[in-house]
Amino acid sequence: MTNKIELIPAIDIIGGQCVRLTKGDYTQKKVYNTNPIDVALEFESLGFKRLHVVDLDGAKSKHIVNKEVLEAISKSTNLKIDFGGGIKTKDDIEQAFEHGASMVTIGSIAVTQPDLFIEWINKYGADRLILGADVRNGKISINGWKEDSSEDLLPFLKKYIDKGVKNVLCTEISKDGTLQGPAIELYKRIMQEYPGLHLIASGGVSSNQDITELEKAGIPAVVFGKAYYEGKIDIQKLGLKK
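Going by numbering that gives the first Met the number 0, the sequence shown wraps up at 241, each residue one higher than the last.
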């Protein structure tokens, strides 16, 4: 691969362990490693530069929970970490940055408290914030995917792109953790509408071919987790530069 698309491995954390859920269902949990720091070090040794860390306990309890894990990964590696899950207050976002996040992913707050999210864009800068757009049946889903809002995806994105947002992490929930291929048509539609966006595709990646297809479609970045943990992606063929 030419590796134009930015490749971002993911570590999802429950109870301090590296896990994956299927379609965001906490009852469909699989533990891949009891030590996320080991996993992060492995990603770094393979040549990855960035890491997507999700505090699933935080998403469920509506405040950051696994900040010590974030800090340990940050201190053990040189990876650029983007962190999400449970960031609901000024205290949460400050803790995420203090414990080593380079960027934070904000989803629910952008739906429930738009003024607060805009305040954060102005305070921390659009470069340090990623708008999390989790989609189910065309609507934005919030609070660890347990609730669907009335917000339609494209107008929701436009509202914040107009306020300076540059980074969007879009997860098609029906695809997440299923290894059934990403929602390429959805991502193409977003890029046609907002060509300057740094869109990060998330959910359903099952192979190197899926990553190639996303790259061909002009998608700037992709997050993957389960496909790596299940040995379905050949890292050597991704052409990472160490």
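Don't be surprised by glycine CBs; every beta carbon is placed ideally from N, CA and C. This one's a predicted model, so the numbers in the text were calculated from it and none came from an experiment.
Member of the options whose CA lies at the smallest distance from the CA of residue i
i	options	result
Glu41	Asn142, Glu184, Glu150, Ala9	Ala9
Leu6	Glu43, Val68, Asp114	Glu43
Thr88	Ile105, Ile139, Leu198, Pro35	Ile105
Glu214	His197, Asp126, Ala132	His197
Met102	Ala125, Ile108, Leu115, Lys138	Ala125
Glu212	Gly202, Tyr228, Gly195, Gly180	Gly180
Ser201	Ser149, Val52, Pro154	Val52
Gly203	Glu93, Leu156, Ser75, Thr170	Thr170
Ser306	Glu70, Thr76, Lys145, Pro113	Outside the displayed range of the chain (0 to 241) lies residue 306, so it cannot be described from this structure.
Phe243	Lys66, Ala109, Thr76	Residue 243 lies beyond the residue range present for the chain, which begins at 0 and ends at 241; the question has no answer from this structure.
DSSP beta-bridge partners of residue i
i	result
Asn32	Cys17
Gly83	Val53, Thr104
Ile141	Glu146
Glu135	The residue asked about is misnamed: residue 135 is Arg in this sequence, not Glu. Paired residues: Lys138.
Ile171	At residue 171 the sequence reads Glu, which differs from the Ile that was named. Answer is Val134, bridged to Glu171.
Val222	Ile7, Ser201
Asp24	Thr21
Lys128	According to the sequence shown, residue 128 is Leu rather than Lys. Note: Leu128 sits in a beta bridge opposite Val103.
Residues of its chain near residue i, where Cβ-Cβ distance is below 8 angstroms and the 5 sequence neighbours each way are ignored
i	result
Val18	Asp11, Ile12, Lys28, Lys29, Val30, Tyr31, Leu55
Leu78	Ala39, Phe42, Glu43, Phe47, Lys48, Arg49, Leu50, Ile72
Ile4	Ile210, Leu213, Glu214, Ile218, Pro219, Ala220, Val221
Close beta carbons around residue i, own chain, < 7 angstroms, minus the five adjacent residues each side
i	result
Thr21	Gln27, Gly176, Thr177
Leu152	Ala132, Val134, Gly137, Ile139
Val68	Ile12, Gly15, Pro35
Thr76	Ala39, Leu40, Glu43
Rounded distance between the beta-carbons of residue j and residue i, thought under 8 angstroms
i	j	result
Ile129	Asp90	Between Asp90 and Ile129 the Cβ distance is about 19 angstroms, and since that is not below 8 angstroms, they are no contact.
Ile141	Thr111	7 angstroms
Val167	Ile120	Not a contact, Cβ separation roughly 13 angstroms.
Ala216	Lys187	5 angstroms
Lys122	Gly99	That belief does not hold up - the Cβ atoms of Lys122 and Gly99 are roughly 19 angstroms apart, past 8 angstroms.
Ile234	Ala226	Contact doesn't hold; Cβ gap of about 11 angstroms is too wide.
Leu156	Ile189	7 angstroms
Other residues of its chain near residue i: CB distance less than 6 angstroms, five sequence neighbours each side excluded
i	result
Gly57	Ile63, Val64, Gly84, Gly85
Ile117	Lys162
Ser107	Ile141, Asn142
Ala182	Glu171, Lys174
Pro194	none
Any chance you could list the alpha helix (DSSP H) runs of at least 4 consecutive residues sitting entirely within the stretch 180-205, in chain order? The qualifying runs are 183-192.
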